[in-house]
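In our numbering, the protein residues as written are 4 to 238.
Even glycine gets a Cβ: it sits at the ideal position worked out from N, Cα and C.
The structure displayed is predicted, hence computed values, not measured ones.
Structure first, then comments.
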């Protein structure tokens, strides 16, 4: 039996955010017609992951719709899986990855990015240094793609903060500041990016075909890892 793909998003109170995540799930389904895909949330929105997992029969692969590690990836999600479906296979989170870089570059271009713009990668942030490192790695990938510096900036925890980054790039000769929105859907954090005063802010990653392709890549990767025979350690 082909494992069911269960998408585990953070959750949002934004109706537009919920609509975008539902559209992403539909885009994922269209990539592999006939493959069952369920959307769930870790908190705030419904259905919750803890409700979806017990209702799915057969093998399950959970793909976190998280762009970096942190509390939800390391603590929250594993606890829900352990309580409700300890047999489930859990993939890695989404970023950083070249497919996200492609989606970010494309959305910046659509927003009207200019050659003279200073670019920030605007992310939610985290108290986990490894999660911040994931975002900085994503900023580096985008810098290589755009052939210009890109600074990671954080709307909540993490340095530089969005405000600090805006002040720094605002003192440079760049004509204006462009923020690449490193969030999946509209909501609190994207609103923070829009309100930062940049010349342009790209749309959230949303139901982008490259994001959908990356989700299936993480799914396949998790299954491949789970299928590897375990080797016994020598005493």
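Would you kindly work out how many angstroms separate the C-alpha atoms of residue 86 and residue 98, rounded to a whole number?
Between the C-alpha atoms of residue 86 and residue 98 there is a straight-line separation of about 26 Å.
Give a yes or no on whether the C-beta atoms belonging to residue 209 and residue 226 are separated by under 8 Å.
In this structure, residue 226 does not lie closer than 8 Å to residue 209 by Cβ.
DSSP beta-bridge partners of residue 162:
Looking at the DSSP assignment, residue 162 forms no beta bridge with any residue, so it has no partner.
Does the count of Cβ pairs from the stretch 119-133 and the stretch 215-230 closer than 8 Å reach three?
No: fewer than three Cβ pairs fall under 8 Å.
Following the continuous alpha helix (DSSP H) through residue 54, name the residue where it begins and the one where it ends.
For residue 54, the enclosing alpha helix (DSSP H) stretches over residues 52-58.
Take the Cβ of residue 41 as the centre, count every other Cβ of all protein chains shown within 10 Å, and call the residue buried at 16 or more, exposed below.
Classification for residue 41: buried.
Compare the beta carbon distance of residue 122 and residue 181 with 8 Å and say whether it is the shorter of the two.
Residue 181 is positioned such that its CB atom lies closer than 8 Å to that of residue 122.
Under the three-state reduction of DSSP, which class applies to residue 222: helix, strand or coil?
Three-state result, residue 222: helix.
Ordered along the chain, which non-local residues of its own chain (more than five positions away) have a Cβ less than 6 Å from that of residue 116?
Answer for residue 116: 181, listed in chain order.
Threshold first: 3 residues or longer. Then list the beta strand (DSSP E) segments lying entirely within the stretch 143-195, N to C.
Listed in chain order, the complete beta strand (DSSP E) runs (minimum 3 residues) inside the stretch 143-195 are 153-157 and 180-184.
Within 10 angstroms of the Cβ of residue 172, are there 16 or more other Cβ atoms? Answer buried if so, exposed if not.
That one is buried.
Between 59, 113 and 76, which lies nearest to residue 45 when the distance is taken from Cα to Cα?
Out of 59, 113 and 76, 76 has the C-alpha closest to the C-alpha of residue 45.
Which of the three DSSP states, helix, strand or coil, is assigned to residue 67?
The answer is strand: DSSP assigns residue 67 an E or B state.
List the endpoints of the continuous beta strand (DSSP E) containing residue 43.
Taken as a continuous stretch (DSSP letters only), the beta strand (DSSP E) holding residue 43 covers 40-44.
Let me make sure I understand the geometry here. Which of 93, 137, 61 and 30 has the alpha-carbon closest to that of residue 222?
Out of 93, 137, 61 and 30, the CA that lies nearest to the CA of residue 222 is found in 93.
What are the boundary residues of the beta strand (DSSP E) that residue 125 is part of?
First-last of the beta strand (DSSP E) with residue 125: 121-126.
Secondary structure of residue 134, DSSP reduced to three states
In the structure shown, residue 134 sits in a helix (DSSP, three-state: H, G or I).
Flag this pair as touching only if the stretch 133-149 and the stretch 28-37 have three or more C-beta atom pairs under 8 Å; answer yes or no.
No, the stretch 133-149 is not in contact with the stretch 28-37.
Touch check for the stretch 104-120 and the stretch 44-60: three-plus C-beta pairs under 8 Å?
No, the stretch 104-120 does not touch the stretch 44-60.
Use the C-beta contact count for residue 91: other C-beta atoms within 10 angstroms, 16 or more gives buried, fewer gives exposed.
Flag for residue 91 reads buried.
Chain-order list of residues whose beta-carbon lies under 6 Å from that of residue 73 (same chain, five-residue window excluded)
Once the five neighbours on either side are set aside, the close Cβ partners of residue 73 are 129, 131 and 134.
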